[in-house]
Amino acid sequence: MRAIGVRTPAGRPTRRSGAAASWWFVVPALAVYGAGFLIPNLIGAGYAFTDWDGLTAPGWVGLENFRRVAGDSQGRDALVHSLLLAGVYVVAVNLVGLGLALGLHQTLKSRNVLRALFFAPAVVSPLAVAYIWQFVLQPDGPLNEGLRKVGLGALAHPWLGDPSTALWAVVAVLVWQFCGYQMAIYLAGLQSIPRELYEAAAVDGAGYWRQFWYITFHQLRPAMAVNISLALIGSLKVFDQILALTGGGPGASTETLGTQVYKQAFVNSRFGYSAALALVLVAAVSVLSLLQLRSMRDRES
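Last residue of the sequence shown: number 317 in my numbering, and the count goes up by one each step with no gaps.
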């Protein structure tokens, strides 16, 4: 029996050749990504296993820098401060952002103006925000002066100069700057919830809080997952605001992994140790982000 084959019309490219040709459009972007980001970061990660000081030739020390991170009280304290700041910030900024979104989701005449005002700090330079709040939180700054004028002088405090309040002042500044960003994401989630769900719940006699818990909260889980991930990653990497507000002080009460990476490299010329701290920071961000995403997926399933 004679075999019957399928011939490709002349001049028409096959699916395989078309797929191969499409890769040539990706190659320039991959080359730029590799040369500008991937390769430099891999080289930088390699310095974590050396004693490079930025001037002399690096010498291989293996895992010694990581052992120093584990044994150095300054490094451990920086890690604790980073995790503590991240935990408090993630909870606070999501609560404030959700509260603003629920309030501005109502039919207010000025809601568009208020949305813009609350979102505006998120697009301002972190350094500019930090310097503004450094002025506000000074011992003789507007906040303490305002407290004194309304008869609450006993509450006046050197917010950034006291080790017991400096870290929380930084958290408050971060929440103020980025709660509007979280609000915008929650607003998008609220606007995607069908009104029919609330109408059906009202017919069944469900009050506001039951509607919030069984409809709003559950429907906002995708937006909540995005907000928690962004807040977690951003808070673990925070650097500009801390450097401008406190410089890591007073003492070392606001030192985080981000500030330690900078100081060990550019102040103490310990580039190898700084690279090891940076890898610890990357590992912390990656692990916590994966755990958070897995937790949200398990809840959804």
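Using N, Cα and C, we set each Cβ at its ideal position, and we do this for glycine too.
- Remark: C-beta atoms of Gly60 and Ala291 approach each other more closely than 7 Å.
- Excluding residues up to 5 positions away in sequence, Pro74, Gly75, Val77 and Gly288 lie with their Cβ nearer than 7 Å to the Cβ of Asp67 in the same chain.
- DSSP, reduced to helix, strand and coil, places Trp175 outside both helices and strands of the structure shown, so it counts as coil.
- Minimum Cα-Cα distance from Ser285 among the listed residues Val43, Asp69 and Tyr49 corresponds to Asp69.
- About 5 Å separates the Cβ atoms of Ala94 and Leu273, confirming a contact at the 8 Å cut-off.
- In the three-state reduction of the DSSP assignment, Trp192 falls in the helix class, which pools H, G and I.
- Between Leu203 and Leu130 a beta carbon distance of about 11 Å is seen, past the 8 Å cut, so the two are scored as non-contacting.
- Below 8 Å, too few C-beta pairs join the region 47-59 and the region 263-270 to call them touching: fewer than three.
- Here Trp76 is bridged, per DSSP, to Thr66.
- Between Leu293 and Gly91, the beta carbon gap of about 6 Å places them in contact (Cβ cut-off 8 Å).
- Where Glu161 is concerned, the enclosing alpha helix (DSSP H) starts and stops at Pro158 to Lys165.
- Non-local C-beta neighbours of Val104 in its own chain, meaning closer than 8 Å and more than five positions away in sequence, comprise Trp184 and Val187, ordered along the chain.
- In the three-state reduction of the DSSP assignment, Thr270 falls in the coil class, being assigned neither a helical nor a strand state.
- Out of Thr232, Leu163, Asn243 and Tyr278, the CA that lies nearest to the CA of Val254 is found in Tyr278.
- DSSP, reduced to helix, strand and coil, places Asp93 within a helical segment of the structure shown.
- At the C-beta level, Leu171 and Leu159 stay beyond 7 Å of one another.
- Assignment of Lys279 by DSSP, reduced to helix, strand and coil, places it in the helix class.
- At least 7 Å separates the beta-carbon of Val139 from that of Phe194.
- A direct Cα-to-Cα measurement between Ile55 and Leu306 gives close to 24 Å.
- Contact fails between the region 144-159 and the region 221-241, because fewer than three Cβ pairs, one in each stretch, are under 8 Å apart.
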